[in-house]
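**Q** If you scroll down you'll find the structure; I have some questions about it.
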Amino acid sequence: MSDVLPRASELGVIGCHVCGLVCKDIGVDGAHCPRCHSALHYRKAASYSRTWALLIAAFVLYIPANVLPIMRTVSLGDVDDNTILSGVVELWVKGSPDLAIIVFTASIMVPMLKFFALVTLLWSSHRSSTWARQQRSKLYRLVELIGYWSMLDVFVVALLTALVQFGLLSRVEPLPGVIFFGLTVVLTMFASMSFDPRLIWDGRESDDR
Amino acid sequence: METSPPLLICEHCDTVYRRRELGCGEVARCVRCAAVLDRYHRLGPGAMFALVVTAMVVFIQANIWPIVTLGFNGQLISTTLWGMIVMMWHQDAQVVAVLTAATLFFFPMCKMMLLGWVLFFARNGKRAPGFRWAMVTLYRVGPWTMSEVFVLGALVAIVKAHTYFDVIPDPGIFAYGALTLLITIFAGIDTRRLWDATEEQSA
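Quick mapping for you: the protein sequence lines, in order, are chains C and E.
Taken in order, the first sequence gives residues 1 to 209; the numbers are from the numbering used here.
Taken in order, the second sequence gives residues 210 to 412; the numbers are from the numbering used here.
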């Protein structure tokens, strides 16, 4: 089995995360890559606990991010508070369903997918499951790739706040929801970075696909 | 600690491969997890350096020009990226101001300057002073640049504002559009190969 596809851990080598150099594992803690001097790890340090912690923190912040309004529009004394979801609905109703879908995807689907995907990855890897390993690897790369697009709504609120400043006639203000949302995105990004995708392939059984 | 010659380890599943030179258009994928291991690079350090310089010029444009102007009842209001950041700070959303400044200004700028610095020397196969530090910083900063997300965000904001206000696009938004194109080209480039493309000097 492993004659065909040898893994670094079996050959006693470690790939440097930062520069990709293949280094001999000398079995010492705190070893450093000879080329870029970054710390060498056989696996990312405390990957499970760090990822879980960051993910739970992100989820806790995700609740106020959705419940609290992210933006206030004041026009002639008329106050209108928007949450993320009501912003999407408004776009849809006002005749931009295409953009409504983009915002819905970036702000609601992507964070949810990240939570769901990372929990699945953590749980299945922890159990050394051999189920759909290649698909799980792809899922992880998808999460990494799309994660930061969730910042979209934060930038929308920031730009509208800066632009819509027509005194009493019309004004846009950011509300606390947007802060929670921004922090959620940052935390989920840290969470996906601290997960080590090689754990997917670290099983007790054979490494065959 | 010794280094072994031409091996390649898949970052996503730890499988070890023997490295080989790729032909034009070839992409090496991991047999086990299907991650991209290596791809053929059409652009040499010289071309990449030219692209970085272009991106810097465009980036400066994107930051000094207003992005859009809104018109309402004869009043015109426009904003630049920094106008937006300062406004968020004053509206009690300092967290957002810091996030925006970092992901749209400081990290992209840092990335371009470091890449430019490293590539300027790499054109002659040399390692720039501080090469190692620059490469490690580039690796860390990498995921935190979000200019392309901002372009889409600006588009959404424009459409939202369009219902109530007159929207006049300013040069900044076009510069951002161009920057996004350049960033897309860069996304396919693996800077790690600069480690191999440059000679280590005794310094």
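Beta carbons are placed, not taken as given, at the ideal position from N, Cα and C, and that holds for glycine.
1. Measuring only the C-alpha atoms, how far is L183(C) from H17(C)?
2. Return yes when at least one heavy atom of the ligand SAM lies under 7 Å from the C-beta of G77(C), else no.
3. Within 8 Å of any Cβ in chain E, is that where the Cβ of L99(C) sits?
4. To the nearest angstrom, how far is it from the Cα of S9(C) to the Cα of L260(E)?
5. Check whether the Cβ of H37(C) lies closer than 8 Å to any Cβ atom in chain E.
6. Can you list, in chain order, the stretches of the alpha helix (DSSP H) that have 4 or more residues and sit fully within the stretch 107–147 of chain C?
7. For G351(E) and Y148(C), I'd like the C-alpha separation in whole angstroms.
8. Along the chain, where does the alpha helix (DSSP H) containing Y249(E) start, and where does it finish?
9. Between the stretch 80–89 of chain C and the stretch 105–118 of chain C, can you find at least three pairs of beta-carbon atoms closer than 8 Å?
10. From which residue to which residue does the alpha helix (DSSP H) around F340(E) run?
11. What's the gap between the Cα of T51(C) and the Cα of V13(C)?
12. Classify G339(E): buried if its beta carbon has 16 or more other beta carbons within 10 angstroms, exposed otherwise.
13. Skipping 5 residues on each side, what residues in its chain have a beta carbon closer than 7 Å to that of S411(E)?
14. With A46(C) as the anchor, note down where its alpha helix (DSSP H) starts and where it stops.
15. Just to check my reading of the structure: V267(E) and L391(E) have Cβ atoms closer than 8 Å, yes? What is that Cβ distance to the nearest angstrom?
16. Using a Cβ cut-off of 8 Å (strictly closer), state whether F316(E) contacts chain C.
17. Whose CA, out of C319(E), L285(E), C242(E), lies closest to the CA of W201(C)?
18. Please decide whether L68(C) counts as near chain E, where near means a Cβ-Cβ distance under 8 Å.
19. So which residues of chain C does G362(E) contact, with C-beta pairs closer than 7 Å?
20. Measuring only the C-alpha atoms, how far is G177(C) from N66(C)?
21. Looking at the C-beta of L250(E), does it have a partner C-beta in chain C at a distance below 8 Å?
22. Starting from V13(C) and walking both ways along the alpha helix (DSSP H), at which residues does that stretch end?
23. Determine the contact status of F190(C) and L54(C), defining contact as a CB-CB distance below 8 Å.
24. From the DSSP output, in three-state form, read off F166(C) for me.
25. Mind pulling the chain C residues with CB within less than 7 Å of R398(E)?
26. For A8(C), would you say it is in contact with chain E, using Cβ-to-Cβ distances shorter than 8 Å as the test?
27. Nearest CA to the CA of G77(C): which residue from G167(C), A46(C), D98(C), F181(C)?
28. Report the option in D29(C), D196(C), T161(C) whose CA atom is closest to the CA atom of A306(E).
29. G162(C) versus chain E: which residues are under 7 Å apart at the beta carbon?
30. Between C36(C) and M344(E), is the Cβ-Cβ spacing less than 8 Å?
31. Can you pull the chain E neighbours of G182(C), defined as C-beta to C-beta under 7 Å?
32. Please say whether S356(E) and L323(E) have beta carbons closer to each other than 8 Å?
33. Can you name, in chain order, every residue of its own chain whose Cβ lies under 8 Å from the Cβ of A311(E), other than the five neighbours on each side?
34. At the level of alpha carbons, what is the spacing between V103(C) and D153(C)?
35. Specify the secondary structure class of S38(C) as computed by DSSP and reduced to three states.
36. Name the chain C residues that come within less than 9 Å of E220(E), Cβ to Cβ?
**A** Concretely, from the data shown:
1. Sequence index remark: in the first sequence, residue 183(C) carries index 183 (1-based). Sequence index remark: in the first sequence, residue 17(C) carries index 17 (1-based). If you take the alpha carbons of L183(C) and H17(C), they lie about 26 Å apart.
2. This structure lacks the ligand SAM, and indeed carries no ligand of any kind.
3. Start at 1 with the first residue of the first sequence, and residue 99(C) comes out as number 99. So yes, L99(C) belongs to the interface.
4. For this step, residue 9(C) is matched to residue 9 along the first sequence. For this step, residue 260(E) is matched to residue 51 along the second sequence. Near 39 Å, if we compare the C-alpha coordinates of L260(E) and S9(C).
5. One-based indexing of the first sequence puts residue 37(C) at position 37. So, interface residue.
6. 110–126, 133–146
7. Taking the second sequence and counting its residues from 1, one reaches residue 351(E) at position 142. Taking the first sequence and counting its residues from 1, one reaches residue 148(C) at position 148. Straight-line Cα distance between these residues: approximately 12 Å.
8. Translated into positions along the second sequence, residue 249(E) becomes position 40. Per DSSP, Y249(E) belongs to no alpha helix (DSSP H) and is neither H nor E.
9. yes
10. Stepping through the second sequence from its first residue, residue 340(E) is reached at position 131. Where F340(E) is concerned, the enclosing alpha helix (DSSP H) stretches over 340–350.
11. Mapped onto the first sequence, residue 51(C) falls at position 51. Mapped onto the first sequence, residue 13(C) falls at position 13. Going from the Cα of T51(C) to the Cα of V13(C) covers about 25 Å.
12. Against the second sequence, residue 339(E) aligns to sequence position 130. Burial call: exposed.
13. In the second sequence, residue 411(E) corresponds to position 202, counting from 1. Because S411(E) carries a pLDDT of 44, less than 50, the predicted location of this residue cannot be relied on, and the following value inherits that uncertainty. Cβ neighbours of S411(E) beyond the five flanking positions: none.
14. The residue labelled residue 46(C) in the question sits at position 46 within the first sequence. Run containing A46(C): none; DSSP gives neither H nor E here.
15. In the second sequence, residue 267(E) corresponds to position 58, counting from 1. In the second sequence, residue 391(E) corresponds to position 182, counting from 1. With a Cβ gap of about 6 Å, V267(E) and L391(E) count as contacting.
16. Start at 1 with the first residue of the second sequence, and residue 316(E) comes out as number 107. It does not: the Cβ of F316(E) has no partner Cβ on chain C nearer than 8 Å.
17. Against the first sequence, residue 201(C) aligns to sequence position 201. Looking at the Cα atoms, C242(E) is the closest of the given residues.
18. Counting from 1 along the first sequence, the entry for residue 68(C) is found at position 68. It does not: the Cβ of L68(C) has no partner Cβ on chain E nearer than 8 Å.
19. Position 153 of the second sequence, counting from 1, holds the residue named residue 362(E). Neighbours of G362(E) on chain C, chain order: L152, F155, V156, L159.
20. Here residue 177(C) corresponds to residue number 177 of the first sequence, with the count starting at 1. Here residue 66(C) corresponds to residue number 66 of the first sequence, with the count starting at 1. Rounded to the nearest angstrom, the two C-alpha atoms are 7 Å apart.
21. Position 41 of the second sequence, counting from 1, holds the residue named residue 250(E). The amino acid at residue 250(E) is misidentified as Leu; the sequence shows His. Chain C, which has no Cβ nearer than 8 Å to the Cβ of H250(E), makes this no.
22. Counted from its first residue, the first sequence places residue 13(C) at position 13. First-last for V13(C): 13–15, but that is the beta strand (DSSP E), not the alpha helix (DSSP H).
23. Residue numbering aside, residue 190(C) sits at position 190 when the first sequence is read from its first letter. Residue numbering aside, residue 54(C) sits at position 54 when the first sequence is read from its first letter. For F190(C) and L54(C), yes; Cβs fall inside 8 Å.
24. Residue mapping note: residue 166(C) aligns to position 166 of the first sequence, counting from 1. Here F166(C) sits in strand by DSSP.
25. As a working mapping, residue 398(E) is identified with position 189 in the second sequence. As written in the sequence, residue 398(E) is Ile, which differs from the Arg given in the question. Residues of chain C passing the Cβ test: none, with the nearest at roughly 14 Å.
26. Working through the first sequence from its first residue, we reach residue 8(C) at position 8. Judged by the 8 Å Cβ criterion, A8(C) is in contact with chain E.
27. Residue mapping note: residue 77(C) aligns to position 77 of the first sequence, counting from 1. Of the candidates G167(C), A46(C), D98(C), F181(C), the one whose C-alpha sits nearest the C-alpha of G77(C) is G167(C).
28. The residue given as residue 306(E) occupies position 97 in the second sequence. Per the Cα distances, T161(C).
29. Counting from one through the first sequence, the residue named residue 162(C) turns up at place 162. According to the sequence provided, residue 162(C) is Ala. The question's Gly does not apply to it. T288, G292, M293, M296, listed in chain order.
30. Residue 36(C) sits at position 36 when you count from the first residue of the first sequence. Residue 344(E) sits at position 135 when you count from the first residue of the second sequence. Cβ distance < 8 Å, so C36(C) and M344(E) count as in contact.
31. Numbered from 1 along the first sequence, position 182 holds the residue referred to as residue 182(C). Correct list: V304, V305, L308.
32. As a first step, residue 323(E) must be located in the second sequence, where it is residue number 114. As a first step, residue 356(E) must be located in the second sequence, where it is residue number 147. Their beta carbons are not under 8 Å apart, which means L323(E) does not touch S356(E) by this criterion.
33. Residue numbering aside, residue 311(E) sits at position 102 when the second sequence is read from its first letter. For A311(E), where only same-chain residues beyond five positions count, the Cβ hits under 8 Å are W353.
34. For this step, residue 103(C) is matched to residue 103 along the first sequence. For this step, residue 153(C) is matched to residue 153 along the first sequence. So the two alpha carbons sit approximately 7 Å from each other.
35. Locating residue 38(C) in the first sequence gives position 38, counting from the first residue. Coil, per DSSP.
36. Translated into positions along the second sequence, residue 220(E) becomes position 11. The answer, in chain order, is G15, H17, G20, P197, R198.
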